[in-house]
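Down below is the structure, laid out as C-alpha cells.
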Amino acid sequence: MAAPAAGTTTAAGAGALAQRRDLHRVGQRVRRVRLRTTPHRDGDALAAWPATHTLRIPGIGDVLFCHATPRNDTEIFLKTTSDERLRPIFDTLGVKLVVCGHTHMQFDRIVGRTRIVNAGSVGMPFQAAGAYWAVIGPGVSLRRTSYDLDQAAQRVRATAYPQATQCAAGILAPPDEQATLEQFKNAELT
C-alpha cells in the first residue's frame, strides 16, 4: 500500500485530528470553569504542581505518578495500545510502576519491565457506573465502589458547573468501555 501523498490526510488521521480538536475544546472549557470557580491562590497552587511525581513506596519501589503519560498530560494511550508504541515512553523511566489516569478507564498491564496502572475515575468513568480507584502499597489493588448514582447526579446538577447536566448524565449512564476504546483508538499517542 502506498503512503498518502504529502499534504493529504487519511481517514484515520482525520479522525485523530478531530479527536484532538474535541479534546482541546473540552480542555479549554475546563480551564474557563476552573478560572471562574477556583479561588486565585488555589489555582496558582495547582498550576505550580509538577507534571509528574515519583515516590518510593514500600513493597513496590519507585512509583511515578502522572496524568496521562510521563512526557505529556494530554496523550491518550489505552489498555489496547501496543507495547511497541508504549516501550519508548516507559522503558527509560527506571521505575517499577507508573500510575496514570486521563482516559478514565481502569487497567493494569506490564510494558517491558514497567507495570502501568490506570486508577480509573471516581466521578466520570468510561466503563460501568461506579467509582474506580486504586490502593498503591505494599502492592497494587484496583477497586470499584458502588454509590448512590441518583444522589450524586442530583448534587452535580445543583452546582454552578456549566456542564452539570451532561456530567450528571454521565454519572447515571457512563459511556460504554468498548465504544470508548474504539472512539479513542484514532487519537492514541498522536
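First residue of the sequence shown? That's -7 in my numbering, and the numbers climb one at a time after it. Idealized CB from N, CA, C, for every residue including glycine.
Contact check, Gly122 vs Ser138, beta carbons under 7 Å: yes
Residue(s) in a DSSP beta bridge with Trp125: Arg135
CB of Phe118 within 7 Å of CB of His96, strictly: yes
Segment contact flag, the stretch 75 to 94 with the stretch 104 to 117, C-beta cutoff 8 Å, min 3 pairs: yes
Same chain only: Cβ atoms within 6 Å of Thr61, ignoring 5 sequence neighbours per side: Glu67 and Ile81
Three-state class that DSSP yields for Phe82 in the structure shown: helix
Leu70 - containing beta strand (DSSP E), residue span: Unbroken run through Leu70: none, as it is neither H nor E.
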